Amino acid sequence: MKLLHVLSLGLILFAPNSAAAEPSIGVHGWRNVGDLFSDAVLEIEKAMGVDLQYSKLSRLHYSASLEESFIYNDDVDVVGLMASSTSRFAEAGWVRDLSENGRIVYAANQHYNHLKNAIYHKGKIVGLGIGASLYNFPVVDLDSYNDLGLGEKDFPQDWDAFYDQVLELSETNSSFYLPLWYDGNLGLPVSFISEVLNRGGHVIDPLTRQSAMTADSGPAYDTLIDWRRAWQSGAIPVSVIEKDQFQFYRKFSSERYLFATLISDFFLRVNQAEGLGMRRLSPLPRFKQSWGAALLGVFSMSTVNDPEQQALVEDFLYQYSLGMGANRYAIAEYYLDRLGFLSVYPEFLEGPVARNIIRKKLARPSDEAVLIDLFKTAPYPVGEFQVLWYEEFSNVLREELIAFLDNPELRPSDVINKINRDILEIRIKYGY
């Protein structure tokens with residue numbers, strides 16, 4: 004009887020019609036994306052016949068959490084990377100070169116040109132863009148602006164004119180400008196880097212990977228001068244540099260500011276937030292100088308060794324980023340609508356579907372063209388983000404900028420010289 008039972012069980016297990024286990028793909032990424040991931044990929048799962056398992060990682064110490072995933076988990080097939088981390092993870096050998104996959108190459112070629120540096124490392128494709136944001140662009144509360152007797156004709160045309168207006172208004176107003184100077188690597192450091200880029204400079208030279216800042220003049224010097232003037236004028240609430248990103252958002256949402264510098268995905272959500280719908284928030288249009296910097300999230304593939312799993316994961320990356328047929332741009336549309344993420348693909352973002360979504364999210368629908376123009380022309384921090392030591396440098400830069408704001412005795416030249424020494428020390432640690 005025991006033998007018959009075993010034989011019967013074997014026939015059941017290996018019968019031709021028995022259901023095979025569905026292949027799975029392990030995805031590790033941002034918590035806020037993970038909250039919507041399951042719904043977003045339903046059609047992809049059906050079309051591919053695959054089970055997508057998403058592990059949500061906290062945005063606090065995000066890169067360190069990813070490193071732990073690579074070291075301690077054996078289910079890591081796909082990882083979500085900030086663009087500032089792609090080169091470091093690629094150099095560590097943790098993500099695969101995707102340049103041999105024709106469809107991946109095709110999708111990469113469809114990205115906005117200024118975002119392509121984020122998905123390449125040493126000429127090799129290391130991932131595909133999922134969603135992008137414009138960081139540190141000025142937004143004005145139109146009603147508050149009009150109450151001061153100002154209108155669109157008075158909009159400042161570059162950072163110098165912006166800070167001149169802040170100083171002028173500070174003579175009769177206080178704590179009316181909330182800059183994106185929150186205490187985090189995507190706050191104060193990126194705000195500084197983007198303003199230097201907007202002024203035509205660099206913090207890190209894209210070619211030499213050395214400091215591009217001079218201590219007595221230039222874009223970095225001018226940025227620090229303007230920051231000091233605005234900080235000391237009383238226009239900026241001093242608590243801003245003590246807030247984390249979510250506290251910054253709460254502060255903006257709970258208090259009314261004439262000016263703020265924001266992130267586009269938050270900006271696209273905030274007008275629909277309860278209690279904020281009556282605010283007419285508008286981005287300052289671009290004249291000659293760009294505003295802010297373009298940043299993006301990248302989905303990369305781990306160094307999967309199994310050929311079948313590799314092919315499956317590469318297919319998923321293509322479907323998730325670009326898509327085919329009726330599902331082309333489906334994920335881009337979903338995340339633009341639900342999270343406010345801008346697409347890395349100009350064909351979609353500048354098309355009627357995306358423009359209509361953006362218009363519905365804005366206090367002034369006509370600002371849709373302004374926002375897309377700002378994103379298209381915003382620089383990507385290629386010199387800063389493609390060094391392997393960006394995260395270490397970002398922490399140091401944040402500390403030096405806080406010290407500068409806290410200590411009125413520190414001159415801009417002192418700070419730039421100190422940052423330049425920090426860069427040299429970090430480069431030496433990395434063998435330069």
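Residue numbers for the sequence shown follow the working numbering, so the first one is 4 and each next one is one higher. Beta carbons: idealized from backbone N, C-alpha and C, even for Gly. For clarity, every value in this text was computed on a predicted model and none was experimentally measured.
Opposite residue i in the DSSP bridges: which residues?
i, result
"Met281", "Answer is none; Met281 lacks a bridge partner."
"Ile266", "Tyr138"
"His124", "Lys127"
"Gly300", "Met85, Gly134"
"Gln56", "Gly29"
"Ser214", "Ile207"
"Leu181", "Ala263"
"Asp144", "Leu284"
"Leu45", "BP columns for Leu45 are empty, so no partner."
"Leu345", "Ala135"
"Val36", "None; Val36 has no bridge partner."
"Val385", "Val385 pairs with nothing; no bridge assigned."
"Val98", "Ser305"
In terms of residue numbering, what span does the alpha helix (DSSP H) encompassing residue i cover?
i, result
"Met327", "Careful: Met327 lies outside any alpha helix (DSSP H) and carries neither H nor E."
"Ala223", "222-236"
"Ser1", "One cannot answer for residue 1 here, as it falls past the ends of the chain, which runs 4 to 435."
"Tyr393", "393-409"
"Glu428", "415-432"
"Val373", "370-380"
"Ser102", "Looking at the DSSP string, Ser102 is not in any alpha helix (DSSP H), and its letter there is neither H nor E."
"Leu170", "162-173"
"Glu198", "191-201"
Could you give the C-beta distance for residue i and residue j, rounded to a whole number, given that I count them as a contact under 8 Å?
i, j, result
"Gln292", "Asn420", "26 Å between Cβ atoms; not a contact."
"Ser305", "Asp54", "Wrong, their Cβ atoms sit about 17 Å apart, outside the cutoff."
"Phe195", "Leu400", "7 Å"
"Ala215", "Gly386", "7 Å"
"Leu377", "Ala135", "About 12 Å; that fails the 8 Å criterion."
"Gly343", "Ala333", "Contact flag wrong, Cβ pair sits at about 17 Å."
"Thr380", "Arg289", "6 Å"
"His31", "Gly96", "About 17 Å separates the two Cβ atoms, so there is no contact after all."
"Phe249", "Val243", "13 Å between Cβ atoms; not a contact."
"Pro349", "Tyr115", "5 Å"
"Ile360", "Leu339", "5 Å"
"Ser397", "Asn188", "4 Å"
"Leu145", "Ser285", "5 Å"
"Asp219", "Ser416", "6 Å"
"Ile405", "Leu191", "7 Å"
"Leu39", "Arg341", "6 Å"
Count the other C-beta atoms from every protein chain shown that fall within 10 angstroms of the C-beta of residue i, then say buried if there are 16 or more, exposed otherwise.
i, result
"Leu6", "Summary for Leu6: the model assigns pLDDT 36, below 50, so the residue's position carries little reliability; its value from the coordinates is reported in the next sentence. Leu6 should be labelled exposed."
"Gly132", "buried"
"Ile207", "buried"
"Pro310", "exposed"
"Ser61", "exposed"
"Val129", "buried"
"Ile74", "exposed"
"Ser257", "exposed"
"Leu10", "With a pLDDT of only 34 at Leu10, under the threshold of 50, the placement of this residue in the model should not be trusted, and no figure is reported."
"Tyr383", "buried"
"Ser90", "buried"
"Pro222", "buried"
"Leu118", "buried"
"Arg424", "exposed"
"Tyr433", "exposed"
"Met4", "Reliability fails at Met4, whose pLDDT of 39 lies under 50, so the model's placement of it is uncertain and the value that follows must be treated cautiously. When all chains shown are included, Met4 counts as exposed."
"Asn139", "buried"
"Asp229", "buried"
"Val418", "buried"
"His64", "exposed"
"Leu16", "The predicted position of Leu16 is uncertain, since its pLDDT is 36 and thus under 50; a value taken from the coordinates is nonetheless stated next. Result: exposed."
Would you kindly report the start and end of the unbroken beta strand (DSSP E) that includes residue i?
i, result
"Met85", "81-85"
"Ser68", "Looking at the DSSP string, Ser68 is not in any beta strand (DSSP E); the run it does join, the alpha helix (DSSP H), is 65-75."
"Gly354", "Neither: Gly354 is in no beta strand (DSSP E) and is coded neither H nor E."
Just tell me which of the options has its CA closest to the CA of residue i.
i, options, result
"Lys270", "Met327, Leu183, Trp234", "Looking at the sequence shown, residue 270 is not Lys but Phe. Ranking the options by Cα distance to Phe270, first place goes to Leu183."
"Ala329", "Glu25, Ala50, Gly29", "Ala50"
"Tyr260", "Ile107, Val143, Glu103, Arg212", "Val143"
"Val241", "Leu265, Val193, Tyr185, Tyr252", "Tyr185"
"Lys125", "Arg99, Arg358, Phe140", "Arg99"
"Leu45", "Phe319, Ser397, Asn410", "Phe319"
"Phe262", "Ser41, His117, Ile28, Phe165", "Phe165"
"Pro26", "Gly52, Pro159, Phe40", "Gly52"
"Asp42", "Ala218, Tyr323, Gln160", "Tyr323"
"Leu101", "Phe302, Leu391, Phe290", "Phe302"
"Tyr66", "Ile47, Tyr57, Glu48, Ala86", "Looking at the sequence shown, residue 66 is not Tyr but Ser. Measuring from the Cα of Ser66, the nearest candidate turns out to be Ala86."
"Trp33", "Tyr337, Tyr57, Glu48", "Tyr57"
"Asn170", "Leu181, Gly237, Ala218", "Inspection of the sequence shows that residue 170 is occupied by Leu rather than by Asn. For Leu170, the nearest C-alpha among the options comes from Gly237."
"Ser88", "Gln389, Ile405, Leu404", "Gln389"
"Glu245", "Glu428, Glu402, Arg414", "Glu402"
"Arg272", "Leu352, Leu315, Lys363, Ala357", "Lys363"
Can you check whether the C-beta of residue i is within less than 8 Å of a C-beta belonging to chain C?
i, result
"Arg362", "Annotation note: the requested chain C is absent from the structure, which comprises a single protein chain."
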